[in-house]
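Notes follow once the structure below has been shown.
Residue numbers (our numbering), protein chains in the order written: chain A, 5 to 182; chain B, 4 to 145.
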């Protein structure tokens, strides 16, 4: 599918169609990637739209030395981290306060509040630094290879493996001790 | 949950809910946002448009009045009263010939003939006397 999308995008006449295919192919993965980071649906919705606008604007600068989906993930990851940084700066609150706010949103979500294990897992995730949380989500939920995550985050595979295993340990400890 | 292991969670299931039909509408919303960004920013509110137009006009007027000052010597002199000019000439001792030289005129081309415009009016002597007395010109013309 990625090849077809790229073919359509390269051609000026079929670029719009190619972009439409791209959105339909990746929108759900991008949305869930973002939603797990920002928790709130409205924030996620706004960010996802912004991410795809950026993808559209930068299509001409996409070099095929990376996969299309890792390139999109990289844009999404940067947007999420920037959003969370701004949120902390805007409200002059510490990491713990933002985590508390996101934790309250978890409790409000009807679908998650019925699943005790998932709720505890998501709350445990909020205790991690944003970048580590992002890496955990990409490996655990999205099942990405460490080599792809390395390309997305610009971090070495070794450092990512260490970060992931450390995150798993922290999460398990948090849930067991809760 | 003393024996909790990360593998125990159902990682295939998304943890959050989304509004019904969200992913069907999302491509259209993204397209609309892209279209909106392509268009130039226009002021939608009429009141704002009027305010900006008024501000633009005021800026132009102020620019003309305060910034676009006359630049030629003639325009600059036009802004000075005749009394002030004469007072300056008296004080500086400038001769008539100097003034003609400044304006780059050939003094020979100038007509210094002493004309009396009253002659052209074809007035009777009595009428002429009355006018000269009325305007206090008798010393000059009689």
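Using N, Cα and C, we set each Cβ at its ideal position, and we do this for glycine too.
Look at residue 12 of chain B: its C-beta is under 8 Å from a C-beta on chain A. Here residue 40 of chain A is buried: its Cβ has 16 or more other Cβ atoms, across all protein chains shown, within 10 Å.
Shortest Cα-Cα distance from residue 172 of chain A to any of A/139, A/93, A/30 involves A/139. If you keep only unbroken beta strand (DSSP E) runs of at least 3 residues inside the region 120-144 of chain A, you get nothing at all.
One Cα belongs to residue 57 of chain A, the other to residue 79 of chain A, and the distance between them is close to 11 Å. Boundaries cannot be given for residue 17 of chain B, as no alpha helix (DSSP H) includes it and DSSP labels it neither H nor E. The closest CA to that of residue 131 of chain A, considering only A/156, A/65, A/176, is found on A/176.
In the three-state reduction of the DSSP assignment, residue 15 of chain A falls in the coil class. In the DSSP assignment, residue 35 of chain B falls within the unbroken alpha helix (DSSP H) covering 25-41.
Non-local beta-carbon contacts of residue 148 of chain A in its own chain, meaning distances under 7 Å to residues more than five positions away in sequence, involve 142 in chain order.
Within its own chain, the residues whose Cβ lies closer than 8 Å to the Cβ of residue 27 of chain A, once the five positions on either side in sequence are excluded, are 56, listed in chain order. In the structure shown, residue 181 of chain A falls within a helical segment according to DSSP collapsed to helix, strand and coil. In this structure, residue 85 of chain A lies near residue 134 of chain A, with their beta-carbon atoms less than 8 Å apart.
Nearest C-alpha to residue 44 of chain A among A/125, A/6, A/102, A/179: A/102. From the beta-carbon of residue 60 of chain A, the residues of chain B found nearer than 7 Å are 37.
With respect to the 8 Å criterion, residue 63 of chain A and residue 8 of chain A are not classified as neighbours on the basis of their beta carbons. By the neighbour-count criterion, in which a residue is buried when 16 or more other Cβ atoms sit within 10 angstroms of its Cβ, residue 137 of chain B is exposed.
In the DSSP annotation of this structure, residue 83 of chain B is not part of any alpha helix (DSSP H), being labelled neither H nor E.
For residue 15 of chain B and residue 146 of chain A, the gap between their C-alpha atoms comes out near 9 Å.
Per DSSP, reduced to three states, the secondary structure at residue 167 of chain A is helical. By the beta-carbon neighbour count (other beta carbons within 10 angstroms, threshold 16), residue 157 of chain A is buried. At a cut-off of 8 Å, the C-beta of residue 136 of chain A has no neighbouring C-beta in chain B. For residue 58 of chain A, the enclosing alpha helix (DSSP H) stretches over residues 45-61. In the DSSP annotation of this structure, residue 12 of chain B is not part of any alpha helix (DSSP H), being labelled neither H nor E. Residue environment analysis places residue 130 of chain B among the exposed positions, since fewer than 16 neighbouring C-beta atoms fall within 10 angstroms of its C-beta. Any Cβ of chain B closer than 8 Å to the Cβ of residue 67 of chain A would place that residue at the interface, and such an atom is absent. Annotation: residue 41 of chain B to residue 35 of chain B spans about 10 Å, alpha carbon to alpha carbon. Excluding the 5 residues flanking it on each side, residue 19 of chain A has same chain C-beta neighbours closer than 8 Å at 12, 13, 63, in chain order. Not one beta carbon of chain B lies nearer than 8 Å to the beta carbon of residue 38 of chain A. Taking 8 Å as the threshold, the shortest C-beta distance from residue 40 of chain B to chain A falls below it. With fewer than 16 other beta carbons inside 10 angstroms of its own, residue 85 of chain B counts as exposed.
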